Structures are given as structure tokens and as C-alpha cells.
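Data block below; observations after.
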Amino acid sequence: MNLELSEEQSAVRQLARDFVEREITPHVIAWDRAEEVDRAIVKKLGEVGFLGLTIDEEYGGSGGDHLAYCLVTEELGRGDSSVRGIVSVSLGLVAKTVAAWGSEEQKRRWLPGLTSGASIGCFGLTEPGTGSDAGNLVTRAVRDGDDYVLNGTKTFITNGTWADVVLLFARSTDAPGHKGVSAFLVPAETPGLTRRTIHGKLGLRGQATAELALEDVRVPASALLGEEGKGFSIAMSALAKGRMSVAAGCVGIAQAALDAAVRYAGEREQFGRTIAHHQLVQELLSDIALDVDAARLLTWRVADLIDRGQPFAVESSKAKLFASEAAVRAANNALQVFGGYGYIDEYPAGKLLRDARVMTLYEGTSQIQKLVIGRALTGVSAF
Ligand code: FAD
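Residues 1 to 383, numbered by the UniProt record's numbering, are exactly what the sequence shown covers, in order.
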């Protein structure tokens, strides 16, 4: 693996750094307190090309490889995980899945809007009764003439209240494929689809997380993404790449924790000298630095494998598992460096910790990643 960034990769990282500095950092505390990032950020993310990374220019994308995608995701995560999540879901889980599995007509219909930021997507897999065991979802799709009629409930859906299109997974009654799950592209304004914001989240407060209720939602058969019954494979392939994006966001959190903690340790004085002079503070800083480097290397390896057309799913699980746990540790260690000031939101460590915590839960909990890795090692599925 070549660890040198190309000129284009360095340029896109700088572009992302400047974007975060200008458009995100000044608003982070206010958005977190208001429990909503300014929706105008979506259009800005589109204009700068971040919602179209790795998507062909033919469909409005800005091209680029997966390492460039990781670099941008890391910088966005360093700025604000709520904004990072908008991109990871709308681009990483929805647009990239449409690009990989969609018909020509579906790509032309959805990708230009998703990549430009004119529209936004959400990924509807989790249900109130099925999270880790997503293959057992109970939302139904019943064929009725040229249509499908959808009924069920989805929960914890990132971008849910903002989305223009829902990539929805439902059990189609007579599909022969894996557990009979199929994927549908459902316009969010379709009659019968209602959305409710989920409030009171520990972190990612700026993000629009929703419960979606589907009551006799009628979509044409052309809304089916990929073959009927292949929906579970489509979901799993989306999540395999999605986990790399989560991992990159976690690297961003850990890097932000490191930057803030080092700066503060050089300013804050106790016992007549800056706390950077105290060995136990240096231990905290060095632990964070190690987590940043290890998480970044694991994440970049996944991008490298994808860009070289190699299998990457297990490595993606390893990167997501390690980086998410590392981000929690790093933010917690940074909070310790800040002492009491770490506990109030005018300083960054508390929010980093709150935002990091969910990364060990979504797109497969840490336990689920371990089962993926264990299955690859032993050949035994312990799910
Ligand atoms: P459960 O599956 O009930 O797990 C509970 C506990 O049991 C966990 O510790 C888990 O690791 C453990 N466990 C379960 N099965 C096993 C097993 N076989 N072996 C060992 N341990 C096990 N979902 C979407 O579809 N789209 C989204 O956009 C989305 N965004 C999210 C945003 C947020 C803020 C949150 C909190 C969640 C989001 N999710 C989304 C849902 C997320 O993916 C699920 O919460 C996650 O998969 C875990 O499912 P669960 O919450 O039902 O927990």
C-alpha cells in the first residue's frame, strides 16, 4: 500500500479542510445546541463536489477514488460528525448503491440530484424489532399489478426527515432470494409515508434522525432496485463500504480530540507549569495519537483495497470496529486532559465523545463486527 498521497488527494483534503473551517466550525456549538445543522449545508456540500465523490461525472458526480473519499470524510468528521453523517448516508449508502445496482433510468432519475445536493437520501433498513438481525425485518412489499404496496415501520433513520428519497428494504412476499428482502427507491413524498423526528439523542444532535411509518405506500415496480429478493445482499454490500466511511469519520473525531488536547495541554497551567509538562498528561496525549494513527492506517487500507478491486468487507469491519472504539477512547482521553472544562460544551471534548459513542452502534455494533471477523477466521457463522 502506497502511503504517499497523490497531488489530487492532497488537494481534495485541503479543499475539505478549508470547507470545514469556513462553513462548519463557526456553527458547530450552535447547531449542536439547536439540535439541527443548517440545511443549507447540503447544497454547499454538493457544490464543492463532496456529495458526488467516487460517482461518475456522467451522473453528476465528481469522480475521485476511495482514498479521496476517506480524506474528505475524515475532515468532515473532524469538523462535525452530524455533517459527516449526512454525506456518509446520502452519498455512501444511497447514491453509491444506486450507482452500483440501479438501472440506467434510476441512475438518471436520482444521481444528479443526490450528487449536487439538490436532494438527499436516507437508508431505511433498521426497524423497531430488528437492528443487528436486519435480515429478519418485517416491513412488507406486496405486488399489486404493476405496483408494490409497502407497509411497516423503520426507525433510527439518519437524514430521515430531510430525505427526498428513501432506499427502503422490505420483505417481498414471493421473492425467492436471500430471506426474500428487496430494495426499493421510494420518493419521500409518496402518500402513506409519514416521518417523525427522534429527539433526545446523546450525540449527533444536529442530524435529522427519524422514524418512518409506511401505510399502504404504493410505488411502481420500476422503484425496485436490483432484482427482487436481492435486497439483503444490496444492503450488506452498501454497509461494507459504509463502514469504511464511518471509520474515516472516527479518525476525524480522534484527530480533532488530539489537536484540541495538545493545544490545551500547552496552555493550561497547574503546579506552576503547563500541564504538558506532567508525564501522566503526556500519557493521555500519546494514547490518543496512537489511536489516531492506527485507526487511520486501517481505514486507508480499506480504501486502497477497494480502489485496487480487491475484497475488502472484512477489513472494513476491522477498520470500523477499531476506529469507532478508538474515537470513543480518544475523545474520552481528551476530555480528561481538559479537566472540568471538558465537561462543558464551550470546549470540544464533550461533543466529540457524545458523537463518537454511536459509531460503535450503527452500521453494525462492535459485537456484530467481531462476528464478521470471527466468521472470516473460522468459517463458522456465530450470528
Ligand atoms: P440490537 O440489535 O437490539 O442490539 C442490542 C445489543 O445486543 C448490542 O450490544 C448488540 O451488539 C448485541 N447483539 C445483538 N445481536 C448479537 C449477537 N448475535 N451476538 C452478540 N451480540 C449481539 N439504521 C438504518 O437502517 N439507517 C440509518 O440511517 C441508521 N442511522 C442510525 C443513527 C443513529 C443515531 C442510531 C442510534 C442508529 C441508526 N441506525 C440506522 C440503526 C443502527 O444501525 C442500529 O441501532 C444498530 O444496527 C443496532 O441495532 P439495535 O439498536 O436494534 O440493537
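Where a beta carbon is used, it is the ideal one built from N, C-alpha and C, also for glycine. This one's a predicted model, so the numbers in the text were calculated from it and none came from an experiment.
1) Name, in chain order, the residues that DSSP records as bridge partners for Ser-172.
2) So, helix, strand or coil for Met-1, using DSSP?
3) Buried or exposed: which applies to His-178, given that a residue is buried once 16 or more other Cβ atoms fall within 10 Å of its Cβ?
4) With a threshold of 8 Å (Cβ to nearest heavy atom), would Gly-364 be considered close to the ligand FAD?
5) Exposed or buried, which one is Asn-333 when buried takes at least 16 other CB atoms within 10 Å?
6) Check whether the segment 205-216 touches the segment 150-158, counting contact only when three or more Cβ pairs, one atom from each stretch, lie closer than 8 Å.
7) For the alpha helix (DSSP H) containing Pro-112, list its first residue and its last residue.
8) Cα-Cα, which of Gly-124, Tyr-264, Ala-141, Gly-374 is closest to Glu-228?
9) Of all the options Ser-116, Leu-91, Gly-131, which has the alpha carbon lying nearest to the alpha carbon of Val-166?
10) Determine, using beta carbons only, whether Thr-97 and Ala-238 come nearer to each other than 9 Å.
11) Hey, quick one: how far does the beta strand (DSSP E) through Ala-183 stretch, first residue to last?
12) Could you tell me the distance, in whole angstroms, from the CA atom of Ala-16 to the CA atom of Lys-44?
13) Return the CA-CA distance between Thr-274 and Ala-235, expressed in angstroms with no decimal places.
14) In or out: Glu-75 buried (at least 16 other Cβ within 10 Å) or exposed?
15) Taking 7 Å as the limit between beta carbons, can you name the residues of its chain near Phe-19, skipping five residues before and five after?
16) So is the beta-carbon of Phe-156 under 8 Å away from any non-hydrogen atom of the ligand FAD?
17) Would Thr-126 and Ala-170 be called neighbours here (beta carbons separated by less than 9 Å)?
18) Can you tell me whether Ile-368 sits near the ligand FAD, meaning its C-beta is under 8 Å from at least one heavy atom of the ligand?
19) Using only the heavy atoms of the ligand FAD, determine whether one of them is closer than 8 Å to the beta carbon of Ser-132.
20) With a Cβ-Cβ cutoff of 9 Å, do Ser-182 and Gly-226 count as a contact?
21) Specify whether the segment 257-268 and the segment 25-32 touch according to this definition: at least 3 beta carbon pairs, one from each stretch, less than 8 Å apart.
22) Less than 8 Å between the CB of Cys-250 and some heavy atom of the ligand FAD, yes or no?
23) Where do the N-terminal and C-terminal ends of the beta strand (DSSP E) with Phe-123 fall, by residue?
24) For His-178, which of helix, strand or coil comes out of DSSP?
25) How about Lys-320: is its Cβ closer than 8 Å to a heavy atom in the ligand FAD?
26) Looking only at its own chain, which residues have a Cβ that is under 8 Å from the Cβ of Leu-202, when we skip the five neighbours before and after it?
27) Quick check on Gly-364: buried or exposed, where buried means 16 or more other Cβ atoms within 10 Å of its Cβ?
28) Should Gln-207 be counted as a contact of the ligand FAD given a C-beta to heavy atom distance under 8 Å?
29) Please report the distance separating the alpha-carbon of Asp-164 from that of Thr-190.
30) Determine the extent of the beta strand (DSSP E) in which Leu-214 is found, giving its start and end residues.
31) Assess, as a yes-or-no matter, whether the segment 54-64 is touched by the segment 292-303 under the definition of 3 or more beta carbon pairs within less than 8 Å.
32) So, for Leu-5: in the same chain, excluding its five sequence neighbours on each side, which residues have a beta-carbon less than 6 Å away from its beta-carbon?
33) Decide yes or no for the touch test of the segment 346-353 against the segment 285-300: beta carbon pairs closer than 8 Å, at least 3 of them.
34) Report the CB separation of Ala-247 from Ala-323 in whole angstroms; it is logged as a contact under 8 Å.
35) For the ligand FAD, is there a heavy atom less than 8 Å away from the beta-carbon of Phe-123?
36) Using 10 angstroms around the beta-carbon of Gly-121, count the other beta-carbons present and answer buried if the total reaches 16, otherwise exposed.
On the basis of the supplied data:
1) Ala-141
2) In the structure shown, Met-1 adopts coil according to DSSP, grouped into three states.
3) Residue placement at His-178 is poorly supported in this model, since its pLDDT is 48, which falls under 50; the coordinates still yield a value, given next. The residue in question, His-178, is exposed, as its Cβ has fewer than 16 Cβ neighbours within 10 Å.
4) Flag set: Cβ of Gly-364 near the ligand FAD.
5) buried
6) yes
7) 104-116
8) Ala-141
9) Leu-91
10) yes
11) 181-187
12) 12 Å
13) Taking the Cα positions, Thr-274 is about 50 Å away from Ala-235.
14) buried
15) Val-48
16) yes
17) no
18) Checking every heavy atom of the ligand FAD against the Cβ of Ile-368, one is found closer than 8 Å.
19) yes
20) yes
21) Counting Cβ pairs under 8 Å, fewer than three are found: no touch.
22) no
23) That run of the beta strand (DSSP E) goes 121-124.
24) Because His-178 sits at a pLDDT of 48, beneath the cut-off of 50, its placement in the model cannot be relied upon, and the following sentence gives the value as read from the coordinates. Looking at His-178 - three-state DSSP - the assignment turns out to be helix.
25) Not under cutoff, so the answer is no.
26) Arg-354, Arg-357, Val-358
27) buried
28) yes
29) Taking the straight line joining both Cα atoms gives about 10 Å.
30) 209-220
31) Fewer than three Cβ pairs drawn from the segment 292-303 and the segment 54-64 lie within less than 8 Å of each other, which leaves the two stretches out of contact.
32) none
33) no
34) 4 Å
35) Result yes, Cβ under 8 Å from the ligand FAD.
36) buried
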